[in-house]
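**Q** Residue numbers (the UniProt record's numbering): 1 to 374.
Right, here's the structure in full:
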């Protein structure tokens, strides 16, 4: 059958997949998601809190939830077919995912530890010293800190999602045959069921909305959003959009999210935002842009930015108050100092990707027990 093309005003699904649809757009989207997380974490250190200037930045849960949805979407896209057709053993899949995350994670965590010890020894104890305990460090080293056994954020805080994703990966390897090749109607019903059950569990067990469950309930938050990302990928795997339709859809989704963030929080607006985030995923995976070295590097650097920005922020914004006091810096200079911190985090991410993460991941992937599985 000849593939259908997309004409603006209606949505068609291709009978056969076009090559690299979503390749460039998903790479850029991953980088933008990591950048949003950075701005949320750095926003409170600005001369004027960014959340007062841009209300959407007061909703930090947006970035985390989108990261979880995006992780489920991309994993289903990359590994779903291979797991379903038995081209990859479950143990090999899980080993490869752990090997992709852990080496760079532990390297950044060890660097964080050296920084905290060195600064403390020099008489400059870090802010919020209670976040840098030994037990929390060990939990993060073994990547179990997002499993509900730790009750406070510590050290490299964003990596709780990586810890939770390890559980999501394990579950995915078991349930992926159940969602692959299902009809659209069945997958829509499954999506609604996942959201409904997750909301009920969140309200019953944690007495808290699903979308921004506290740290101790990380798995309850991560698993359903990851599963929803899987289902969105399956439901829209053959969706193809023109560039015009993509930009209009993206603008509409982001406008809707921004407006909903201005309203008082309630379950209806929360779910509407999650659906709009899912729309961003779907349209980004359905449009074909020319891939360049820049888009590829942005996609790779998103992981590095996610891993390193807390460490860079701890160093940079730990020094800023001392510089501001010593030089009596005014507001414009303070903004320049803050902006330089953002630039430093971005530069560090690209350097870490090029000089550390990429060569390290390539070396690890060639180890016999990783390459061949166990």
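Virtual Cβ for every residue (Gly too), placed ideally from N, Cα, C.
Spatial neighbours of residue 116 within its chain, please: CB distance less than 6 Å, with the 5 preceding and 5 following residues excluded, ordered by chain position.
**A** The residues are 126, 132.
**Q** Whole-angstrom Cβ separation of residue 167 and residue 241, contact assumed at under 8 Å?
**A** At roughly 33 Å, the Cβ-Cβ gap does not stay under 8 Å, so residue 167 and residue 241 are not in contact.
**Q** If you scan the segment 309-361 from start to end, which runs of the alpha helix (DSSP H) of 4 or more residues do you find wholly inside it?
**A** Correct list: 331-352.
**Q** Can you tell me whether residue 144 is helix, strand or coil according to DSSP?
**A** Correct three-state label for residue 144: coil.
**Q** For residue 37 and residue 157, I'd like the C-alpha separation in whole angstroms.
**A** Distance between the alpha carbons of residue 37 and residue 157: 11 Å.
**Q** Return the Cβ separation of residue 73 and residue 281 in integer angstroms, given the expectation that the two are a contact with Cβ distance under 8 Å.
**A** With a Cβ gap of about 5 Å, residue 73 and residue 281 count as contacting.
**Q** Could you tell me whether the segment 256-269 touches the segment 297-307, where touching means 3 or more Cβ pairs closer than 8 Å?
**A** Cβ pair count under 8 Å is below three, so no.
**Q** Could you tell me which uninterrupted alpha helix (DSSP H) segments, each at least 4 residues in length, are contained entirely in the segment 34-77, listed from first to last along the chain?
**A** Runs found: 50-53.
**Q** What's the C-alpha gap between residue 71 and residue 229?
**A** Taking the straight line joining both Cα atoms gives about 7 Å.
**Q** Could you pull the DSSP bridge partners for residue 287 from this structure?
**A** Paired residue(s): 241.
**Q** For residue 356, tell me which candidate among 108, 121, 331 has the shortest Cα-Cα distance.
**A** Checking every option, the nearest Cα to that of residue 356 belongs to 108.
**Q** Are three or more beta carbon pairs between the segment 335-352 and the segment 297-317 nearer than 8 Å?
**A** With a cut-off of 8 Å, the segment 297-317 and the segment 335-352 count as touching, because enough Cβ pairs lie within range.
**Q** Looking only at its chain, what residues have a beta carbon closer than 8 Å to the beta carbon of residue 33, apart from the 5 residues adjacent to it on each side?
**A** Cβ neighbours of residue 33 beyond the five flanking positions: 63, 66, 67, 70, 302.
**Q** Would you say residue 172 and residue 76 are within 9 Å of each other, going by their C-beta atoms?
**A** Yes, they are a contact pair.
**Q** Quick check on the DSSP output: the alpha helix (DSSP H) that includes residue 177 runs from which residue to which?
**A** 160-179 is the extent of the alpha helix (DSSP H) around residue 177.
**Q** Quick check: the segment 88-98 against the segment 189-202, are there 3 or more CB pairs under 8 Å?
**A** The segment 88-98 vs the segment 189-202: no contact.
**Q** Would residue 219 and residue 253 be called neighbours here (beta carbons separated by less than 9 Å)?
**A** No. Outside cutoff.
**Q** Between the alpha carbons of residue 305 and residue 350, how many angstroms are there, rounded?
**A** Each residue's Cα considered, the two are about 8 Å apart.
**Q** Can you tell me the Cα-Cα spacing of residue 267 and residue 53, whole angstroms?
**A** Looking at the two C-alpha atoms, the distance is approximately 25 Å.
**Q** Could you give the residue range of the alpha helix (DSSP H) that holds residue 105?
**A** Per DSSP, residue 105 belongs to the alpha helix (DSSP H) from 90-121.
**Q** Would you identify the three-state DSSP class for residue 191, choosing helix, strand or coil?
**A** Looking at residue 191 - three-state DSSP - the assignment turns out to be helix.
**Q** Please confirm whether residue 58 and residue 261 have their CB atoms less than 9 Å apart.
**A** Result yes, Cβ atoms of residue 58 and residue 261 sit closer than 9 Å.
**Q** Under a three-way DSSP split, which group does residue 149 fall into?
**A** In the structure shown, residue 149 sits in coil (DSSP, three-state: anything other than H, G, I, E or B).
**Q** In chain order, what residues of the same chain have a beta carbon less than 6 Å from the beta carbon of residue 210, not counting five sequence neighbours either side?
**A** Taken in chain order, the residues that qualify are 198, 199, 202.
**Q** When we look at the beta-carbon of residue 140 and count the other beta-carbons within 10 Å, is it buried (16 or more) or exposed?
**A** Residue 140 is buried by the Cβ-count criterion.
**Q** May I have the straight-line CA-CA distance separating residue 273 from residue 245, to the nearest angstrom?
**A** Near 20 Å, if we compare the C-alpha coordinates of residue 245 and residue 273.
**Q** Please identify the residue among 142, 30, 152, 289 whose C-alpha is closest to the C-alpha of residue 128.
**A** Ranking 142, 30, 152, 289 by Cα distance to residue 128 puts 152 first.
**Q** Where residue 178 and residue 224 are concerned, what is the direct C-alpha to C-alpha distance, given to the nearest angstrom?
**A** Going by the C-alpha atoms only, they are around 15 Å apart.
**Q** Buried or exposed, going by whether 16 or more other CB atoms sit within 10 Å of the CB of residue 123?
**A** Exposed, by the Cβ-count rule.
**Q** For residue 438, name the three-state secondary structure that DSSP assigns.
**A** Because residue 438 is not part of the residues shown, which for the chain are 1 to 374, the question remains open.
**Q** Between residue 45 and residue 323, what straight-line distance do the alpha-carbon atoms span, to the nearest angstrom?
**A** Each residue's Cα considered, the two are about 14 Å apart.
**Q** Which first and last residues belong to the alpha helix (DSSP H) in which residue 369 is found?
**A** Counting along the chain, the alpha helix (DSSP H) containing residue 369 begins and ends at 368-371.
**Q** When the Cα atoms are used, what is the spatial distance from residue 263 to residue 142?
**A** Taking the straight line from one Cα to the other gives about 40 Å.
**Q** With a 10 Å radius around its C-beta and 16 neighbouring C-beta atoms as the bar for buried, classify residue 83 as buried or exposed.
**A** It counts as buried.
**Q** Is it buried or exposed for residue 325, if we count other Cβ within 10 angstroms and need 16 for buried?
**A** That one is exposed.
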